[in-house]
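The numbering of the sequence shown is the working numbering, which starts it at 6 and goes up by one. In this text, a Cβ means the ideal position worked out from N, Cα and C, and glycines have one as well. Data first, discussion second: the structure below is written as structure tokens.
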Amino acid sequence: MVPNEKMYSVKEVAGMLGVGRDTVMRLIRRGRLRALKLPVCGGRGRNVTYRVSEGDVGEFLRACRV
6 MVPNEKMYSV KEVAGMLGVG RDTVMRLIRR GRLRALKLPV CGGRGRNVTY RVSEGDVGEF
66 LRACRV
């Protein structure tokens with residue numbers, strides 16, 4: 006990750022990849038897509054959120070090319 010690099014939410018990454026948010030979360034949990042785990046203040050039931058850097062999205066896409 007590069008300082009001041011654009012960071013995307015799970016929802017934004019899902020839209021970019023054309024998949025659902027659950028799929029992006031699965032990729033993060035399995036270590037196929039790098040993400041930062043950040044605490045959330047307040048909220049309803051969730052106490053963490055994830056952000057994926059622009060570079061990590063690009064790296065994932067390059068890794069998926071055959």
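Straight-line spacing of the CA atoms in CYS46 and ASN52 works out to 7 Å. If you draw a straight line from the Cα of ARG67 to the Cα of THR54, it is about 25 Å long.
Boundaries of the alpha helix (DSSP H) harbouring LEU32: 26-34, taken from the DSSP string. For LYS16, the enclosing alpha helix (DSSP H) covers residues 15-22. ARG31 and VAL57 have their C-alpha atoms spaced approximately 13 Å apart.
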